[in-house]
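Trainee:
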Amino acid sequence: MSNQPNIWPLWEVFVRSSRGLSHVHAGSLHAPDAEMALRNARDLYTRRNEGVSIWVVPSDAITASDPDAKGSFFESPQGKDYRHATYYTKSEGVKHL
Amino acid sequence: MSTHQDHSLDSFGDAAASATRVTPGNALRPEDIALQTDRPTEDVAQYALRLGDDSLVLAQRLGHWISRGPEIEEDIALGNIALDLLGHARSFLTYAGHAWDKTEDDLAYWREEDEFRSAWIFEQPNGDFGVTIARQLVVSVFQRLLYSRLVNSTDATIAAISAKALKEVDYHRDHATQWTLRLGDGTEESHRRMQEALELMWPYVDELFDDDELTERIGAVGVLPSSLRAEFDAEIAAVLDEATLTLPAVPRASGGGRRGEHTEHLGYLLAEMQVLARKHPGATW
Chain G
17 MSNQPNIWPL WEVFVRSSRG LSHVHAGSLH APDAEMALRN ARDLYTRRNE GVSIWVVPSD
77 AITASDPDAK GSFFESPQGK DYRHATYYTK SEGVKHL
Chain C
168 MSTHQDHSLD SFGDAAASAT RVTPGNALRP EDIALQTDRP TEDVAQYALR LGDDSLVLAQ
228 RLGHWISRGP EIEEDIALGN IALDLLGHAR SFLTYAGHAW DKTEDDLAYW REEDEFRSAW
288 IFEQPNGDFG VTIARQLVVS VFQRLLYSRL VNSTDATIAA ISAKALKEVD YHRDHATQWT
348 LRLGDGTEES HRRMQEALEL MWPYVDELFD DDELTERIGA VGVLPSSLRA EFDAEIAAVL
408 DEATLTLPAV PRASGGGRRG EHTEHLGYLL AEMQVLARKH PGATW
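Protein chains in written order, with my numbering: chain G, 17 to 113; chain C, 168 to 452.
Quick look at the structure:
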């Protein structure tokens, strides 16, 4: 599909809600260029008052981790409790930690 | 601030907004206008009727694009614009209807063609996407100028509806401008078709700026259409120039929509828009 010349390129849309601190991925859409992508994103993802700011990024500019490499990529931290603050006990003399 | 009254909609207001909940916001709605008790004068009602009919007829036209847009994203963009316009129409018709004890539905579904007061450009057929964009360009530049004046109307309801509509038609203008630039300065084919679309639409431009007895009588409730022309011409010229398009030099159509005289297209549009309500009077869904 995406190799057909007449299909508009794909864009990823990130929306920051009025109380959100960061932009959150909302979805994707087709648009002929970045300016139109912003407008399409406004129509598609903020029509119920969801957002105060939008980013659009060409989908092919995103490099994603390999789902098949999940084990070596993401499972190594498992069992490493010492990487969490709760692993450590508080010394008696420390009052304000 | 006024004292606290019964506001059943408080829970929808910005006060209740949260990151996890979407809200419709606090903008003026047709339902609020329906609850008002002040009755506009005949002249003000007639003026509101014109504004409402312009938007209603165009909303119906644009609604026809739904499921037929060149891309699903554009389908939604045109549908959004149609719904914005329908919202303006509902507010203006509700307000106008107060003068005659009629509801927005009475006015939308139970008037005949010669009772509609919309200008001719609004009822012109969609044509191809370029024709629709040409019509959108003219209409949205005109409506933005109009509402930017009407926010100062001496009639509080017209001013309030215009304040809400202004933000929306400003976006419609941006949408039409973006597409005019891309189609005009796009491929040879898109340039040719966009230019043809402008030629097709331009005869209907002049009518928008015709003053008449009503616009002169109501004074500061409304705005003299002719007073918007210079700014309209300058804005349009700037867009067409950037889009490498040429301002059409074509004779004007006679017009007459403000008097209830219409082109052959309005009857068919109304037949489709009104058939369901007339076949099942009083039906709700």
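Glycine included, C-beta positions come from ideal geometry on N, C-alpha and C.
#1: Let me know if G424(C) comes out buried or exposed under the rule of 16 or more other beta-carbons within 10 Å of its beta-carbon.
#2: Given 8 Å as the limit, is there contact between the region 249–256 of chain C and the region 198–210 of chain C, that is, 3 or more CB pairs closer than that?
#3: Taking only runs that begin and end inside the region 221–300 of chain C, name each unbroken alpha helix (DSSP H) of 4 or more residues, in chain order.
#4: Any idea which residues DSSP pairs S44(G) with across the strands?
#5: Quick one: does V189(C) have its CB under 7 Å from some CB of chain G?
#6: Given a limit of 9 Å on CB to CB distance, which residues of the region 226–244 of chain C reach chain G?
#7: Could you tell me if Q362(C) is buried or exposed, where buried requires 16 or more neighbouring beta carbons within 10 angstroms of its beta carbon?
#8: Quick check: the Cα distance between Q227(C) and L436(C), rounded to an integer number of angstroms?
#9: Quick one: which chain C residues come within Cβ less than 7 Å of A47(G)?
#10: Are three or more beta carbon pairs between the region 92–100 of chain G and the region 62–70 of chain G nearer than 8 Å?
#11: Helix, strand or coil for P207(C)? Go by DSSP, reduced to three states.
#12: D84(G) and N247(C) look like a contact to me (Cβ under 8 Å); what is the Cβ gap, rounded to whole Å?
#13: Which stretch, first to last residue, makes up the beta strand (DSSP E) that contains S88(G)?
#14: Can you pull the chain G residues whose beta carbon is under 9 Å from the beta carbon of N293(C), in chain order?
#15: Against chain C, which members of the region 54–75 of chain G pass a CB distance test of less than 7 Å?
#16: Quick test of your reading: G351(C) and T411(C), contact by CB under 8 Å. State the CB separation rounded to the nearest angstrom.
#17: Mind checking the region 334–351 of chain C against chain G and listing, in chain order, the residues whose C-beta falls within less than 9 Å of any C-beta there?
#18: What residues of chain G sit near N247(C), judged by a beta carbon separation below 8 Å?
#19: What residue range does the alpha helix (DSSP H) around V336(C) cover?
#20: Could you tell me how far apart the beta carbons of R316(C) and V390(C) are, in whole angstroms, since I believe they sit closer than 8 Å?
#21: Please report how far the alpha carbon of F296(C) lies from the alpha carbon of D242(C), in whole angstroms.
Mentor: In short, the structure shows the following:
#1: buried
#2: In this structure the region 249–256 of chain C does not touch the region 198–210 of chain C; the number of beta carbon pairs closer than 8 Å is below three.
#3: Taking only runs of at least 4 residues, the alpha helix (DSSP H) segments lying wholly in the region 221–300 of chain C are 239–264, 271–276 and 287–290.
#4: E28(G)
#5: Only weak support exists for where V189(C) lies, its pLDDT of 49 falling under 50; the coordinates are left without a value.
#6: E238, I239, E240, E241, I243 and A244
#7: buried
#8: When rounded, the distance between both Cα atoms is 8 Å.
#9: E240
#10: The answer is no - the region 62–70 of chain G does not touch the region 92–100 of chain G, with fewer than three Cβ pairs under 8 Å.
#11: P207(C) sits in coil when the DSSP states are folded into three classes, being neither helix nor strand.
#12: Not quite, the Cβ-Cβ distance comes to about 40 Å (not below 8 Å), so this is no contact.
#13: Where S88(G) is concerned, there is no enclosing beta strand (DSSP E), although the alpha helix (DSSP H) it sits in stretches over K86 to F90.
#14: In chain order: nothing, as chain G lies at least about 19 Å away.
#15: R55, N56, D59, L60, R63, R64, N65 and E66
#16: 5 Å
#17: Y338, D341, H342, Q345, W346 and R349
#18: The contact set of N247(C) on chain G, defined by CB atoms closer than 8 Å, consists of D59 and R63 in chain order.
#19: A323 to G351
#20: 4 Å
#21: 11 Å
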